[in-house]
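Engineer: Here it is: the structure, laid out below.
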Amino acid sequence: MKRSLSDFVPLLLKDEGLPEIIDEIRAELSFGVAWRELDTGNVLCRGNPAFEERMLSFPLREIVRIYVSHEVEVSGNAIGLLVLDLPKGLPGPLPERLEDCLSVLRLFYGQRLAESRLKTRYRNEFVQDLIYGRIYHEEEIRNRARTFHWKLDGGIVCLVISPELTETTGAVLDEALLSGFNLIQSRVLAFFPKSVYARLPDSLVVVLTLALPEERGRETRLRDFRAALREVMENALHDARDRCRIRFFASVGSWREKPILAYQSYQEARQALMILRGGMSRQDFVFWEQLGGTRMIAMLADMEPAREFCRQTLAPLLRESRGGEELIHTLLRVEECGGDLRQAAKSLSLHYNTLRYRLRRIQEILDLSPHDGERRFNLSLALRLHRVLSKNRTA
């Protein structure tokens, strides 16, 4: 007896209805079928053993070459491939009801996609409210976390992951960035499964739960946690860079005893990320507490008066029609080399005398006296602020 599309509705309403849908499609078409998800590579086969073995072992391009197949799209995204146990090139019409079967798969994945987008939206809103300090009652945190089966008990720390911001970052394919984020996220959640996470426009934020004892053993527990997280993150960042050709940075804020204080840990993690992007640490992964005095630079860089101080101090150099940024870069490199001009010249690929000429030019532009300690301190501070701000303009 012919079936209508409505006969599939009960299966579409089930959470785990895909195997049953494939069973029904096989019965409807009266020969073997296989469904292959393109993003996960998962395969569901219904047919004779030889067909199933080929579907599970043959590469996709070979399957498409041999068998009749139909791609299923939802909202412009290719979701999967329905493969029929029919060799390509055979004469005759395609099976009746094939389009209905493809429509059922579109409806099933369309529903899942809509649910996934809605869940992702609410999850991201919750995490953003948490890290931006927009939740004022712990009961609200518990209620909203329960929606996602998250249990936020005890203390937390915030982890932030973001790609290096360079002139070529914007040209990087979205797929490569997404692949890198997915790899890092999967590693973190594999080792810290109770974590709360969200994707922001330029970063991945993970709120990790960490219950610590009152006093005895607290430092040991915290040290063990940091060591475990460092191992996971360093491996994940290395693999993401190797596979996606993108450098990622990651930073962790201080531990806070209550989830409602997550915004404080996030602020520290974000500022630590500014230090990494600014090149003021040679690491790709840091904990806020381990940054030392450079933390002060990130905290200042977040304040508008400090930004204005930086602009005013460096304005004479930046107003130079030619080479203003180059002069600032030269000063930064000299500072990094501890004032060793020969080492600085080598790192800048300059002749020693060329570097000395540049420094004299800088002294003339700034009207800088070698004995003016206060102005030299101001210049040194402004240079560090400029370094952080120039690398975090889109952060």
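Numbering (my numbering), first residue to last: 31 to 425. From the three backbone atoms N, C-alpha and C, an ideal C-beta is built for every residue, glycine too.
Can residue 292 and residue 328 be called in contact, C-beta distance under 9 Å?
Structural biologist: As a working note, residue 292 is residue 262 in the sequence shown. As a working note, residue 328 is residue 298 in the sequence shown. No, Cβ-Cβ distance for residue 292 and residue 328 is not below 9 Å.
Engineer: May I have the straight-line CA-CA distance separating residue 431 from residue 141, to the nearest angstrom?
Structural biologist: Since the displayed the chain opens at 31 and closes at 425, residue 431 lies outside it and no answer follows.
Engineer: Measure the C-alpha to C-alpha separation of residue 372 and residue 385 and round it to an integer number of angstroms.
Structural biologist: Translated into the one-based positions of the sequence shown, residue 372 becomes position 342. Translated into the one-based positions of the sequence shown, residue 385 becomes position 355. For residue 372 and residue 385, the distance between alpha carbons rounds to 9 Å.
Engineer: When the distance is taken between beta carbons, is residue 221 closer than 9 Å to residue 260?
Structural biologist: Residue 260 sits at position 230 when you count from the first residue of the sequence shown. Residue 221 sits at position 191 when you count from the first residue of the sequence shown. It is not a contact, given that the beta carbons lie outside the stated cut-off.
Engineer: Would you mind listing the alpha helix (DSSP H) stretches within the region 241-316 that are 4+ residues and don't spill past its ends, in chain order?
Structural biologist: You should have 248-274 and 292-307.
Engineer: With H, G and I counted as helix, E and B as strand and the rest as coil, what does DSSP make of residue 68?
Structural biologist: Residue numbering aside, residue 68 sits at position 38 when the sequence shown is read from its first letter. Of the three classes helix, strand and coil, the one that applies to residue 68 here is coil, per DSSP.
Engineer: Tell me the residue span of the alpha helix (DSSP H) that contains residue 97.
Structural biologist: In the sequence shown, the residue the question calls residue 97 occupies position 67. No alpha helix (DSSP H) holds residue 97; the beta strand (DSSP E) holding it covers 97-104.
Engineer: Provide the residue span of the alpha helix (DSSP H) that contains residue 53, from first to last.
Structural biologist: Position 23 of the sequence shown, counting from 1, holds the residue named residue 53. From DSSP, the alpha helix (DSSP H) with residue 53 extends over 48-59.
Engineer: Which runs of the beta strand (DSSP E) fall wholly inside the region 103-155 and span at least 3 residues, in chain order?
Structural biologist: 107-117
Engineer: When the distance is taken between beta carbons, is residue 157 closer than 9 Å to residue 217?
Structural biologist: Residue mapping note: residue 217 aligns to position 187 of the sequence shown, counting from 1. Residue mapping note: residue 157 aligns to position 127 of the sequence shown, counting from 1. No, they are not a contact pair.
Engineer: Got a sec, what are the start and stop residues for the alpha helix (DSSP H) residue 219 sits in?
Structural biologist: To locate residue 219, count along the sequence shown from 1; it is residue 189. Element bounds for residue 219: 204-221.
Engineer: Checking 9 Å against the spacing of the C-beta atoms, do residue 237 and residue 331 come in under that value?
Structural biologist: Locating residue 237 in the sequence shown gives position 207, counting from the first residue. Locating residue 331 in the sequence shown gives position 301, counting from the first residue. The answer is no: Cβ separation not under 9 Å.
Engineer: Just tell me which of 58, 405 and 212 has its CA closest to the CA of residue 70.
Structural biologist: If you number the sequence shown from 1, residue 70 lands on position 40. Closest by alpha carbon: 212.
Engineer: Mapping DSSP to helix, strand and coil, what is residue 340?
Structural biologist: Along the sequence shown, read from residue 1 onward, the residue named residue 340 stands at position 310. Reduced to three states, the DSSP call for residue 340 is helix.
Engineer: Sort out for me which residues DSSP pairs residue 476 with in a bridge.
Structural biologist: As shown, the chain starts at 31 and ends at 425. That puts residue 476 outside it, with no answer to give.
Engineer: Mapping DSSP to helix, strand and coil, what is residue 79?
Structural biologist: Locating residue 79 in the sequence shown gives position 49, where the first residue counts as 1. Three-state result, residue 79: helix.
Engineer: What residue range does the alpha helix (DSSP H) around residue 349 cover?
Structural biologist: Residue 349 sits at position 319 when you count from the first residue of the sequence shown. From DSSP, residue 349 is part of no alpha helix (DSSP H); its letter is neither H nor E.
Engineer: If you run the structure through DSSP and keep just helix, strand and coil, what is residue 162?
Structural biologist: One-based indexing of the sequence shown puts residue 162 at position 132. Coil at residue 162, not helix or strand.
Engineer: Please list the terminal residues of the continuous alpha helix (DSSP H) segment that includes residue 230.
Structural biologist: Here residue 230 refers to the residue found at position 200 when the sequence shown is read from its first residue. In the DSSP annotation of this structure, residue 230 is not part of any alpha helix (DSSP H); the continuous beta strand (DSSP E) holding it starts and ends at 226-230.
Engineer: If you draw a straight line from the alpha carbon of residue 55 to that of residue 78, how long is it in whole angstroms?
Structural biologist: Position 25 of the sequence shown, counting from 1, holds the residue named residue 55. Position 48 of the sequence shown, counting from 1, holds the residue named residue 78. Roughly 15 Å between the two C-alpha positions.
Engineer: How big is the Cα-Cα spacing for residue 153 and residue 225?
Structural biologist: In the sequence shown, counting from the first residue as 1, residue 153 sits at position 123. In the sequence shown, counting from the first residue as 1, residue 225 sits at position 195. When rounded, the distance between both Cα atoms is 12 Å.
Engineer: Can you give the Cα-Cα distance for residue 338 and residue 244, rounded to whole angstroms?
Structural biologist: Reading the sequence shown from its first residue, position 308 is the one you call residue 338. Reading the sequence shown from its first residue, position 214 is the one you call residue 244. Near 43 Å, if we compare the C-alpha coordinates of residue 244 and residue 338.
Engineer: Inspect the beta-carbon positions of residue 283 and residue 188 and report whether they are closer than 9 Å.
Structural biologist: Residue numbering aside, residue 283 sits at position 253 when the sequence shown is read from its first letter. Residue numbering aside, residue 188 sits at position 158 when the sequence shown is read from its first letter. Against a cut-off of 9 Å, the Cβ pair of residue 188 and residue 283 comes out as a contact.
Engineer: List the endpoints of the continuous alpha helix (DSSP H) containing residue 359.
Structural biologist: For the purposes of this step, residue 359 is taken as the residue at position 329 of the sequence shown. 354-366 is the span of the alpha helix (DSSP H), which, as asked, contains residue 359.
Engineer: According to DSSP, is residue 323 helix, strand or coil?
Structural biologist: Numbered from 1 along the sequence shown, position 293 holds the residue referred to as residue 323. If DSSP states are grouped into helix, strand and coil, residue 323 belongs with coil.
Engineer: Going by alpha carbons, who is nearest to residue 103 out of 319, 138 and 413?
Structural biologist: On the sequence shown, residue 103 is found 73 positions in, with the first residue counted as 1. Comparing Cα-Cα distances from residue 103 to each of 319, 138 and 413, the minimum goes to 138.
Engineer: Quick one: what does DSSP say residue 415 is sitting in, helix, strand or coil?
Structural biologist: The sequence position of residue 415 within the sequence shown is 385, counting from 1. It is helical.
Engineer: Please report the residue range of the alpha helix (DSSP H) in which residue 377 lies.
Structural biologist: Within the sequence shown, the letter at position 347 stands for residue 377. Run containing residue 377: 371-378, per the alpha helix (DSSP H) assignment.
Engineer: How big is the Cα-Cα spacing for residue 424 and residue 272?
Structural biologist: By 1-based counting over the sequence shown, the position of residue 424 is 394. By 1-based counting over the sequence shown, the position of residue 272 is 242. Residue placement at residue 424 is flagged as unreliable, the pLDDT there being 45, under the threshold of 50; the coordinate-derived value follows with that caveat. Straight-line Cα distance between these residues: approximately 24 Å.
Engineer: How big is the Cα-Cα spacing for residue 110 and residue 68?
Structural biologist: For the purposes of this step, residue 110 is taken as residue 80 along the sequence shown, with counting starting at 1. For the purposes of this step, residue 68 is taken as residue 38 along the sequence shown, with counting starting at 1. For residue 110 and residue 68, the distance between alpha carbons rounds to 5 Å.
Engineer: Specify the secondary structure class of residue 410 as computed by DSSP and reduced to three states.
Structural biologist: Position 380 of the sequence shown, counted from the first residue, corresponds to residue 410. Here residue 410 sits in helix by DSSP.
Engineer: Alpha carbon to alpha carbon, how far is residue 145 from residue 114? Give it in angstroms, no decimals.
Structural biologist: By one-based count along the sequence shown, residue 114 stands at place 84. By one-based count along the sequence shown, residue 145 stands at place 115. When rounded, the distance between both Cα atoms is 29 Å.
Engineer: Report the three-state DSSP secondary structure of residue 399 (helix, strand or coil).
Structural biologist: Walking along the sequence shown from the start, residue 399 turns up at place 369. If DSSP states are grouped into helix, strand and coil, residue 399 belongs with coil.
Engineer: Between residue 363 and residue 344, is the Cβ-Cβ spacing less than 9 Å?
Structural biologist: As a working mapping, residue 363 is identified with position 333 in the sequence shown. As a working mapping, residue 344 is identified with position 314 in the sequence shown. Contact flag unset, no.
Engineer: Quick one: measure Cβ to Cβ for residue 100 and residue 132, integer angstroms, because I've assumed they're closer than 8 Å.
Structural biologist: One-based indexing of the sequence shown puts residue 100 at position 70. One-based indexing of the sequence shown puts residue 132 at position 102. Right, the Cβ-Cβ distance comes to about 6 Å (below 8 Å), so this counts as a contact.
Engineer: Would you report the Cα separation of residue 266 and residue 87, rounded to the nearest angstrom?
Structural biologist: Stepping through the sequence shown from its first residue, residue 266 is reached at position 236. Stepping through the sequence shown from its first residue, residue 87 is reached at position 57. Their Cα atoms are separated by approximately 29 Å.
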